[in-house]
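Here the protein sequences line up with chains A and B, keeping their order.
Sequential numbering of the first sequence, starting at 11, is according to my numbering.
Sequential numbering of the second sequence, starting at 11, is according to my numbering.
Just so it is clear, CB atoms sit at the ideal spot from N, CA and C, and this is done for glycine as well.
Remarks on the structure that follows.
2 protein chains.
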Amino acid sequence: MSERPDVKSAILEEATRQFAARGFEGVRVADLAAAVGMRGPSLLHHFKTKEALRAAVLASLLDHWKDELPRVLAAAQSSADRFDGLLRAFLGFFEANPDRARLLLREVLDRPMVIRELLAAEIGPWTRILADILRAGQADGRIRPDLVPEAWVLQVITTGVGVIATHPTISWVFPACEAPALEVSLAELVRSARVSLFVPRPSGSGASHAELL
Amino acid sequence: MSERPDVKSAILEEATRQFAARGFEGVRVADLAAAVGMRGPSLLHHFKTKEALRAAVLASLLDHWKDELPRVLAAAQSSADRFDGLLRAFLGFFEANPDRARLLLREVLDRPMVIRELLAAEIGPWTRILADILRAGQADGRIRPDLVPEAWVLQVITTGVGVIATHPTISWVFPACEAPALEVSLAELVRSARVSLFVPRPSGSGASHAELL
DNA sequence: CCTACCGATCGGTAGG
DNA sequence: CCTACCGATCGGTAGG
């Protein structure tokens, strides 16, 4: 009765880490169990199969956005700096634990059909709203007219997840001392997302872009 | 003597396809062999181990850029539309066979240390030159000063590979009829890369951005 | 939560 | 390029 309060959470956390690092097939149930202080068969008492564990790990990732997306999008309809709020909530979640980005990318590659359905069901309704907000911004002349809202959203998602997942490896296309830090790369992402989104204001105008989404 | 001229190429092509789809560990040597008309042990006569085949597949990917990058960068120092040439050569290679992008992404996730070294050795020298070209453009006032050249290059690489690798899956964050086609997403990538790179010209000026990199 | 163990999979070898 | 087969790995079960 006085057991470790949430063995399950510990297993989920460790599974996220190991699945992200070595992939689902590359991880041994016994290793996963050892990392949380038990043997393989004992772990399978908490999650009936390895595949069930995979589903639980993925669900815990997407669940975060089921709560967060409506919250941030609602704030985006009343607050001044919607653009920064949304983009930072998105990037911050993955930046706080890059394994989330790597895990998601692996699932996209490993099980495209499964992920398609999950994205359509859980994220689809919200991205649609987002695209509509962008279209309204185009009608108002605040957002560049030569932009395809859906494509822009898709690209920001892919780039955010992709940069955070692969930065420590891909940044080696530059010598170590010239490679930008992750924060610099993400700042560049925010900059280019902003510039590619908003119609430039005549310089000297008071309003900052952050207020305009 | 009158055998199939290049069994090896056939194996490499099929391996690219299958490694991209199911990952290195997810592919059985026997299946790979069956797809090119032989049994497992016979395939291992052409590539001593499965791991050797993996290395060969990866090398054939990177070899393309060892030839292509110098060529395109050289053209970029004499021709008018360097930006388009370079970006289209890059995107075209992966668009012609999205499995290349998926394979590369998997290798980045599966073997970060190996890929780091390969990128540093084979691609590093050229991206460095590219970053210097961008810095020269900043000195001339053609390229936005608030841009970190290395971060911009990194982002374009990550986004290009990421979008092409994941588009058929991630685009399902939109209902099927609203999801942009891959070509639309790539056009948006080119647009936003261009806009985020160049200092905007006073409207009415004759020169197009394409000439300016 | 454990030990003991089954059953299936799979890379690679032997030998032709 | 084949068949036959070894040896190791690993998810999951039995039974406590």
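Residue range of the alpha helix (DSSP H) that includes residue i
{"i": "residue 137 of chain B", "result": "134 to 149"}
{"i": "residue 162 of chain A", "result": "159 to 180"}
{"i": "residue 198 of chain A", "result": "192 to 207"}
{"i": "residue 46 of chain B", "result": "Premise fails: residue 46 of chain B is in no alpha helix (DSSP H) and is neither H nor E."}
{"i": "residue 102 of chain A", "result": "92 to 106"}
{"i": "residue 64 of chain B", "result": "60 to 85"}
Beta-ladder partner(s) of residue i, from DSSP
{"i": "residue 125 of chain B", "result": "Beta-bridge pairing links residue 125 of chain B to no other residue."}
{"i": "residue 6 of chain B", "result": "There is simply no residue 6 of chain B to check, as chain B begins at 11 and stops at 223 in what is shown."}
C-beta contact flag for residue i and residue j at 8 Å
{"i": "residue 127 of chain B", "j": "residue 141 of chain B", "result": "no"}
{"i": "residue 39 of chain B", "j": "residue 53 of chain B", "result": "yes"}
{"i": "residue 33 of chain A", "j": "residue 120 of chain B", "result": "yes"}
{"i": "residue 164 of chain A", "j": "residue 181 of chain B", "result": "yes"}
{"i": "residue 42 of chain A", "j": "residue 101 of chain A", "result": "no"}
{"i": "residue 71 of chain B", "j": "residue 113 of chain B", "result": "yes"}
{"i": "residue 67 of chain A", "j": "residue 93 of chain A", "result": "no"}
{"i": "residue 55 of chain B", "j": "residue 18 of chain B", "result": "no"}
{"i": "residue 136 of chain B", "j": "residue 83 of chain B", "result": "yes"}
{"i": "residue 36 of chain A", "j": "residue 169 of chain B", "result": "no"}
{"i": "residue 158 of chain B", "j": "residue 194 of chain A", "result": "yes"}
{"i": "residue 95 of chain A", "j": "residue 85 of chain A", "result": "yes"}
From the options, residue whose alpha carbon lies closest to that of residue i
{"i": "residue 98 of chain A", "options": "A:28, A:208, A:166", "result": "A:166"}
{"i": "residue 46 of chain B", "options": "B:24, B:138, B:73", "result": "B:24"}
{"i": "residue 26 of chain A", "options": "A:44, A:64, A:211, A:58", "result": "A:64"}
{"i": "residue 209 of chain A", "options": "A:123, A:139, A:149, A:73", "result": "A:149"}
{"i": "residue 184 of chain A", "options": "B:117, B:81, B:211, B:125", "result": "B:125"}
{"i": "residue 103 of chain A", "options": "A:122, A:59, A:77", "result": "A:77"}
{"i": "residue 48 of chain B", "options": "B:20, B:81, B:80", "result": "B:20"}
{"i": "residue 108 of chain B", "options": "B:31, B:202, B:211", "result": "B:31"}
{"i": "residue 138 of chain A", "options": "A:123, A:122, A:162", "result": "A:162"}
{"i": "residue 144 of chain A", "options": "A:122, A:123, A:204, A:111", "result": "A:204"}
{"i": "residue 110 of chain A", "options": "A:81, A:123, A:75", "result": "A:75"}
### Query
Would you say the region 175 to 188 of chain B touches the region 147 to 154 of chain B, given that touching needs at least three Cβ pairs under 8 Å?
no
### Query
Quick check: the region 128 to 139 of chain A against the region 181 to 195 of chain A, are there 3 or more CB pairs under 8 Å?
no
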